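Worksheet: one structure, shown below.
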C-alpha cells in the first residue's frame, strides 16, 4: 500500500495530524529548522553577493537521517511547515536535504489543524514560494550581519556576552528613551473642585468645569480659593440634563500582537507565556471524547479577516444560544496597510461550538484562560453593539459650571460573552432641570501631573506594532532577549532599563545611529515585504543596508573607547581588606574583590535600597527576584528576619495606623499607600 510522508515542524503537531490522515500517511517532525547559518562564523560571503553558507544544525543529524530514510520509501512527500516566511524557509531547506525538485508540488499549508483543513490541504499541494523564502533569507542575513558585526565591538569595548540586533536594539532604545522622559519630567501643579450634593438618600458628585465662556484649568491654590469664596454657602442649580444613546462596537478578533496585549492586561501573562500556550492550543490538545484536536487557528498573524465558513458557524451558535437580535455579522474590510499580511485569518477557535466550559476539564488552568479569551473575542466580534444610555448633567453656581455624568446599559449585545469590556452602571439620582441642590461638601484637591508610564510588555508590543518594527512572530523573542541580556529588567509589570542597557543604547546611538533609528528599522520591514511581493531582489536589499553598516563599523572601531562597567562599592573584602567591585557573570551581577587575581573572593550582590527593614529595624531592604523573575523586597538579615513585600517600602510610617508605607504603581500613576489592608491611607508620589 502506498505511503505518503508528511513533514511538520513539531512532534505535537505530527501527533495530531497523524490521527487525521490514517495509515497511508507517515507524519514526521523536523523539530524546527534543520539548516541554518553556522554559529562559529559569519556564514555570509560578502564578496560573493552575500551568498549564505548553510550547514545542518548540530544535533539534528538523527532527525535528518530519519527524514531521508522515510523519504526514500515514500511515494509522495508533503512539506507542511507553518504558513509564513519562516515555515516556507524550513520547507525550502527540507526540500534541499531530501533532494526534491523545485518545480515539485510538495508544499501544503493550512490555517488550522482540523481534519477538514488537513485533508483539503493534502488535495491542493503547490510549489515552494521562493519569494517568501527570499524574504526570510534577507531577514536572516540582515540579522546576522548586524549582530555578528556590531556584537564583537560591544564584547571588546564593554564585556563579553553582549549583543546588538535589528529589532532588539530598537526595542531597548524605546525603553531607555521612556526612562529619560521620566527622569527629565517636571511635575506641574493642578487642582480640582468636587461638590458633593444630596437628593433624598443619594449622594453624588459634580466636578468643576469652568464658566459660561470656557473651560478653566485650575493651576494654583489662589485661583481655587477665589472660586471657593464665590460659591460658598450657595446652592447648585441644575441647568441642563442631556440623555444620549451611545453604542459600543464589539472588538475585532485577535491578531498576534493584540492577543499578547490582552493576555498581559487581562490575564497577567508575559508575551512568551502567551505564545507558548497559544502554540499548544494550535498544535492540538487531547479532548475527552474527541482525541487530539487543534483548538485555535494559526497564531502568527496580523490579519483580522475571518472566513465565510467561520462567520456562518458563528451565526449559528449566536442565534441558537442568545437569539437573532444578538447577531450582527462581520465585514471583511479591504486592508489599507501594506504592512498587514492577509494570507491568514485572525486567531479564532477552530470550532465555535467547542465552548470553553465544555472542554474545561481537558485543559489546564492557563490553557483554559487563554482559550476562553480567544473564543470569547471571536464570538463577540460577530455580535451586536452594546447600547448605553448616557446622562450628562450641567449645573451652575453663579457663573461657574459644574458637571456630572452617568450611564446605564440598555442592551448588552457582545458584552453577553466578552465581559472583559463591560463596566458597571453609574446611575445618577432622579433630578430635573431647574432644581436646586444643596451642596453638602466642597472638596478642593491638589494634584501633580505624572510622567509617562514605563512600558509594560503589552504597551511595548503595541508601540512596536504601531511603528512597524518587527512582525507578529518577533515580539515575544525580542522581549525575552533584552531581558536575558540584562539590558532591561522587570519591576512588577514595568520594563526598566538597566545601567548596562542605557550604556549599550548610548554607544549604539553615537556610533550606529541609523540602525537604531525607528523610521529606518520600520523601512527595513517594508523592504522585506517588497521582497516577499517580488518587487525587490533580496540581495539588493541586503547590500543597501550593509554598505552604510560597514562604513559605520570601521569608524566605530577607532572611535569607541573601552568602557569599564566594574563599579567600585563601599563593601570591604573580608579576606584582604580591599574594596569590592560589581562584576557581571553569566548569572548576572556579583561582588568580586578589586585585588583580583591576587584575591579571588566573591559573594552575591545585595541590591540595597537604603531603607531600613520595618520589621527588625536592623537589616536593610534589598531588591530580590522570585524564581519566575518577579521583583520583590526582603530584609538583608534573611533568614533571621523573614520580612517580604511585593511593593517597595518607603521607609515611612502611616499617619493613620503606624504601619509601614509602600509605593504602589498603577498604569496611570504611582502613589504611596499603607501596607495595612484595613487602612485606606494614600498620597501622591513621584516614580521611585
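Residue numbers (my numbering): 1150 to 1837. Beta carbons: idealized from backbone N, C-alpha and C, even for Gly. Note that the structure is predicted; figures quoted are calculated from it, not measured.
Query	Result
Three CB pairs or more closer than 8 Å across the stretch 1691–1699 and the stretch 1280–1291	yes
Nearest candidate by alpha-carbon position, reference residue 1521, set 1414, 1653 and 1506	1506
Residue 1420: first and last residue of the uninterrupted beta strand (DSSP E) it sits in	From DSSP, residue 1420 is part of no beta strand (DSSP E) but of the alpha helix (DSSP H) over 1420–1432.
Sub-7 Å separation of residue 1610 and residue 1409 beta-carbons	yes
Through-space distance from residue 1449 to residue 1276, alpha-carbon basis	22 Å
7 Å Cβ shell around residue 1219 - same chain, five flanking residues per side excluded	1154, 1175 and 1177
Counted within 10 angstroms of its Cβ, other Cβ atoms place residue 1742 as buried (16 or more) or exposed	buried
Touch test, the stretch 1497–1517 against the stretch 1414–1431, Cβ-Cβ under 8 Å, three pairs minimum	yes
Bridge partner(s) assigned by DSSP for residue 1553	1542
Beta-ladder partner(s) of residue 1782, from DSSP	1772 and 1794
Cβ contact check for the stretch 1622–1635 and the stretch 1251–1259: 3 or more pairs under 8 Å	no
Residue 1275 - DSSP class collapsed to helix/strand/coil	strand
Beta-carbon spacing of residue 1674, residue 1617 below 7 Å	yes
Reference residue 1209, options 1184, 1202, 1199 and 1479, closest by Cα	1184
Classification of residue 1304 by the beta-carbon crowding that lies within 10 angstroms, buried from 16 upward	exposed
According to DSSP, residues forming a beta bridge with residue 1346	1353 and 1588
Same chain, Cβ closer than 8 Å to residue 1394, five either side skipped, listed in chain order	1536, 1537, 1538, 1539 and 1559
Residues near residue 1809 in its chain [Cβ-Cβ closer than 6 Å; skip 5 each side]	1763, 1798 and 1824
Contact under 7 Å by Cβ, residue 1401 with residue 1453	yes
Residue 1242 in three-state terms, based on DSSP	helix
Contact set for residue 1606: own chain, Cβ-Cβ below 8 Å, skip 5 residues either direction	1409, 1413, 1419, 1420, 1628, 1642 and 1644
CB-CB length for residue 1768 against residue 1794, believed under 8 Å	Actually they do not touch by this definition, with Cβ atoms about 13 Å apart.
Per DSSP, the bridge partner or partners of residue 1385	1586
Burial state of residue 1487, where buried means 16 or more other Cβ atoms lie within 10 Å	Below a pLDDT of 50, predicted positions are generally treated as unreliable, and residue 1487, at 43, falls in that range; no measurement from the model is reported.
Residues near residue 1640 by beta carbon distance below 6 Å, same chain, minus five either side	1780
Pair within 7 Å by beta-carbon distance, residue 1578 and residue 1351	yes
Beta-bridge partners of residue 1178, as assigned by DSSP	1157
Cα-Cα separation between residue 1161 and residue 1231, rounded to whole angstroms	13 Å
Simplified DSSP state of residue 1450, which is helix, strand or coil	coil
Alpha-carbon spacing of residue 1198 relative to residue 1261, whole angstroms	39 Å
Three-state secondary structure (DSSP) of residue 1376	helix
Close Cβ partners of residue 1706 (< 8 Å) along its chain, the five nearest in sequence each way excluded	1302
Outcome for residue 1330 when other beta-carbon atoms lying within 10 angstroms are tallied against a minimum of 16	exposed
Cα-Cα separation, residue 1594 to residue 1523	42 Å
Helix, strand or coil at residue 1185 according to DSSP, with G and I counted as helix	strand
Coil, strand or helix - residue 1325 by DSSP	helix
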